[in-house]
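If you count by our numbering, then the sequence shown holds residues 10 to 743, one letter each, in order.
Cβ atoms here follow ideal geometry from the backbone N, Cα and C, with glycine treated the same way.
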Amino acid sequence: MIRTATILASIGAASLSTLAVAQSVPAATAPSDADAWAAKVEAQMTDDERISLVHGFMALPFGPYETAEGRAGWPKDVVLGAGYVRGVTRLSVPSLRETDASLGVANPGGVRPGDSATAMPGGIALGSTFDVQLAYDGGRAIGLEARSKGFNVLLGGGINLMRDPRNGRNFEYISEDPLLSGLMGGAAIRGTQSAGVISTVKHFALNAYETNRYTWNAVVSDAALRESDLLAFQIAIEQGQPGSVMCAYNLVNGSKACGSDYLLNTVLKKDWGYKGWVMSDWGAVDNVDYAIKGLDQQSGEQIDKQVWFDSPLRKKIADGSLSRARLSDMVRRILRSMRATGLVDAGPAPAFDMAANSAKALQIAHEGIVLLKNDGILPLLGSAKSIAVIGDKAHVGVLSGGGSSQVLPPTGWAASVPIGATGMAGLWATQRWMAGSPLDAIRSAATGASVDFDPGVYNQSAAALASRADVAIVFVSKFEMEGLDSPDLSLPGNQDSLVSAVAAANPNTIVVLETGNPVAMPWRDKVRAVVAAWYPGQEGAQAIADVLTGKINPSGHLPITWPAAAEQLPRPAIPGFGSPAGTPVSVEIKEGSDIGYRWFAKHGTSPLYAFGYGLSYTDFSYANLTVTGSRSATATFTIQNTGKREGADVPQLYLQAIDGQVTPRLLAFRRVSLKPGESRVITIKADPRLLASYDSKVGSWRIRGGQYTIALSKAANAPIITREVTLKSALFGK
Ligand code: BGC
Numbered sequence: 010m011i012r013t014a015t016i017l018a019s020i021g022a023a024s025l026s027t028l029a030v031a032q033s034v035p036a037a038t039a040p041s042d043a044d045a046w047a048a049k050v051e052a053q054m055t056d057d058e059r060i061s062l063v064h065g066f067m068a069l070p071f072g073p074y075e076t077a078e079g080r081a082g083w084p085k086d087v088v089l090g091a092g093y094v095r096g097v098t099r100l101s102v103p104s105l106r107e108t109d110a111s112l113g114v115a116n117p118g119g120v121r122p123g124d125s126a127t128a129m130p131g132g133i134a135l136g137s138t139f140d141v142q143l144a145y146d147g148g149r150a151i152g153l154e155a156r157s158k159g160f161n162v163l164l165g166g167g168i169n170l171m172r173d174p175r176n177g178r179n180f181e182y183i184s185e186d187p188l189l190s191g192l193m194g195g196a197a198i199r200g201t202q203s204a205g206v207i208s209t210v211k212h213f214a215l216n217a218y219e220t221n222r223y224t225w226n227a228v229v230s231d232a233a234l235r236e237s238d239l240l241a242f243q244i245a246i247e248q249g250q251p252g253s254v255m256c257a258y259n260l261v262n263g264s265k266a267c268g269s270d271y272l273l274n275t276v277l278k279k280d281w282g283y284k285g286w287v288m289s290d291w292g293a294v295d296n297v298d299y300a301i302k303g304l305d306q307q308s309g310e311q312i313d314k315q316v317w318f319d320s321p322l323r324k325k326i327a328d329g330s331l332s333r334a335r336l337s338d339m340v341r342r343i344l345r346s347m348r349a350t351g352l353v354d355a356g357p358a359p360a361f362d363m364a365a366n367s368a369k370a371l372q373i374a375h376e377g378i379v380l381l382k383n384d385g386i387l388p389l390l391g392s393a394k395s396i397a398v399i400g401d402k403a404h405v406g407v408l409s410g411g412g413s414s415q416v417l418p419p420t421g422w423a424a425s426v427p428i429g430a431t432g433m434a435g436l437w438a439t440q441r442w443m444a445g446s447p448l449d450a451i452r453s454a455a456t457g458a459s460v461d462f463d464p465g466v467y468n469q470s471a472a473a474l475a476s477r478a479d480v481a482i483v484f485v486s487k488f489e490m491e492g493l494d495s496p497d498l499s500l501p502g503n504q505d506s507l508v509s510a511v512a513a514a515n516p517n518t519i520v521v522l523e524t525g526n527p528v529a530m531p532w533r534d535k536v537r538a539v540v541a542a543w544y545p546g547q548e549g550a551q552a553i554a555d556v557l558t559g560k561i562n563p564s565g566h567l568p569i570t571w572p573a574a575a576e577q578l579p580r581p582a583i584p585g586f587g588s589p590a591g592t593p594v595s596v597e598i599k600e601g602s603d604i605g606y607r608w609f610a611k612h613g614t615s616p617l618y619a620f621g622y623g624l625s626y627t628d629f630s631y632a633n634l635t636v637t638g639s640r641s642a643t644a645t646f647t648i649q650n651t652g653k654r655e656g657a658d659v660p661q662l663y664l665q666a667i668d669g670q671v672t673p674r675l676l677a678f679r680r681v682s683l684k685p686g687e688s689r690v691i692t693i694k695a696d697p698r699l700l701a702s703y704d705s706k707v708g709s710w711r712i713r714g715g716q717y718t719i720a721l722s723k724a725a726n727a728p729i730i731t732r733e734v735t736l737k738s739a740l741f742g743k
């Protein structure tokens, strides 16, 4: 590892100089022009040029590129990062310079020394905002930064649905719900592409576990998949028009996702008419035949067993088992997206302001923090004269999630603790905290109070400090990362016993969670408030202090059901957990499209906190709901802030039942900010696919005629007003 780090540091400076290479003006082009341009340029290419566009390498010192000699043949415009694909200079086809991703511009292993970027909160925090405009703004901020560093492809957004709250990558994703993930993911993609940077949507599809991530197989019906994970992708693609789709590592019904004729050819390209290209995930290609199955480009080729999309592909074309038309199609798809997003003949990168991007990171953190419990102790508002801040690294920074998405913030790492792991996971297995510290932020925000700190190493000393203070705030955390799931919902180490000890010593205990997922809270009844801050990004400490002290009124709502126990989940244990990496594991997706709140409703079980739930320091009332429509449903209602503080709420429209049969689905939502006493009339419309089922025999969405119970709700399990509407049967779309 040390050797790799040294190499990374030594080559970084040289490659950073390539950033001075002329930047381009984004000249996004109408789709038909992009098609025409792609066809014209592709027709002029030699086969060598075509082949060069359909595979690329990981632009990092791995495999053959570990040494300087190995990298000698690299083109001059390589920017160190996730990937590089050669362009065709004579035809003005740019190279593709790819970087991760959804939470900011990554700098894997510090390969570009000192090159930091705005580190946004986790995707789960973004999902908690239910703020589609903010998703766009965040995506644009990341796109602008990526562009300024010389990248023109961003390998985000990740929108896999959260099927299990132990998935180590949930912090990167948005939610358990196809509508929320699709709308937010699509907006983020649109934002990124507005900066003239191609965005990918990933990981297509059903990349729901990290355990045996290359070898687990999801067994699921077509209808269930179309109504859940695929619907999220479908909506995100419609909304965001991403230039590229990244296929996943896992298998779906026995086929690797990147070699799945069903996913790539049938669903994505035929049924949805997707015109961009499919790139593989890194190390996800096992066979050249994936080109026939719909894969257009092999990424990160040095970590596959072979560069499949070069010599083996040429052989296939030569022996006629892959048509020339298909090779042309692969290339045209890539060219089309380049043209449509403005990569071709682009001018200087648009100017942007890092301070404005930090402000977006702060806004996402503010809006994404979910107040789970508050018996009135919050906001602190100067009532506490002495505060005990307790917990590991609360004096240093806020935790971030590990893996390819991790972003080096401008202030650097406040603390790094290597935890060790084997295989690829070993690369990412370092817990990293971003500066500033919650302790400092609370000290500055809670003026007039004395604020003391205990690291929480010993329960007795933490309890002793807590017993002397008016209020105790305990920070607990759980490190999660790509490549690793959690075996259970617990907080690691001694943290549960620490919270219990502090709560026993001080009745005014508040807990702040920094996690990538819901966790078990055995001490919940003993504390007065619980705040889910997720991984809150570079401005996280400030955001937490602002919410605790009341400068900001919390408005986050859960994008994932918070279970009371793992036994409530479709799979009480993670399939294959603990088996050697690479063990083939077949997982029956028995919940089908009934993920999260839908699973709980169907089984009549109560979660600890429902999807859509989140408290505020003010109150909102809903009234005058009307629901109209015969083939869809449009709801109009009045929302009023009935409390004393300005705040934002997220009224949610759900389908509850069809002809009395429980069929819960989020149909629409709107985030609304209101001053005290202010009211507003809101109209929201359901996406008809959410009122339908997918009829696989016909290949269409089908609305069953009948009586639909529709609820205006505060959360998936908290209807406030319900209405009945009669829908006519209908068959529509793909
Ligand atoms: C991840 C992708 C990422 C790629 C490139 C893979 O390990 O699954 O999300 O974009 O690496 O870094």
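Starting from residue i and walking both ways along the beta strand (DSSP E), at which residues does that stretch end?
i           : result
residue 703 : 702–704
residue 658 : 656–658
residue 92  : 92–94
residue 212 : 207–213
residue 287 : 286–288
residue 715 : 715–722
residue 62  : Looking at the DSSP string, residue 62 is not in any beta strand (DSSP E); the run it does join, the alpha helix (DSSP H), is 56–62.
Quick check: the Cα distance between residue i and residue j, rounded to an integer number of angstroms?
i           : j           : result
residue 48  : residue 341 : 6 Å
residue 510 : residue 218 : 34 Å
residue 193 : residue 469 : 45 Å
residue 542 : residue 351 : 37 Å
residue 33  : residue 344 : Because the pLDDT at residue 33 is just 37, under 50, the model does not fix this residue reliably, and the point stays unresolved.
residue 673 : residue 729 : 15 Å
residue 415 : residue 127 : 11 Å
residue 276 : residue 741 : 16 Å
residue 86  : residue 185 : 39 Å
residue 545 : residue 490 : 15 Å
residue 261 : residue 93  : 28 Å
residue 13  : residue 79  : Only weak support exists for where residue 13 lies, its pLDDT of 38 falling under 50; the value from the coordinates is given anyway. One C-alpha to the other measures close to 14 Å.
residue 453 : residue 383 : 23 Å
residue 270 : residue 369 : 40 Å
residue 81  : residue 319 : 20 Å
residue 718 : residue 710 : 19 Å
Could you tell me whether the Cβ atoms of residue i and residue j are closer together than 8 Å?
i           : j           : result
residue 483 : residue 466 : no
residue 712 : residue 736 : yes
residue 207 : residue 346 : yes
residue 572 : residue 617 : yes
residue 408 : residue 563 : no
residue 166 : residue 198 : yes
residue 258 : residue 222 : yes
residue 540 : residue 530 : no
residue 599 : residue 584 : no
Considering only DSSP beta bridges, list what residue i is partnered with.
i           : result
residue 267 : None; residue 267 has no bridge partner.
residue 631 : 648
residue 51  : DSSP output for residue 51 lists no bridge partner at all.
residue 131 : Beta-bridge pairing links residue 131 to no other residue.
residue 597 : 228
Along the chain, where does the alpha helix (DSSP H) that runs through residue i open and close?
i           : result
residue 612 : 606–612
residue 470 : 468–477
residue 437 : 434–437
residue 139 : Per DSSP, residue 139 belongs to no alpha helix (DSSP H) and is neither H nor E.
Does any C-beta atom of chain B lie closer than 8 Å to the C-beta of residue i?
i           : result
residue 281 : Judged by its chain identifiers, the structure shown contains no chain B, having just a single protein chain.
Is residue i a contact residue of ligand 2, with contact defined as CB to any heavy atom under 7 Å?
i           : result
residue 591 : This structure simply doesn't include ligand 2; it includes ligand 1 instead.
Answer with buried or exposed for residue i, where buried requires no fewer than 16 other C-beta atoms within 10 angstroms of its C-beta.
i           : result
residue 1   : The requested residue 1 does not occur in the structure, where the chain is confined to residues 10 to 743.
residue 620 : buried
residue 476 : exposed
residue 305 : buried
residue 348 : buried
residue 705 : exposed
residue 714 : exposed
residue 431 : exposed
residue 314 : exposed
residue 210 : buried
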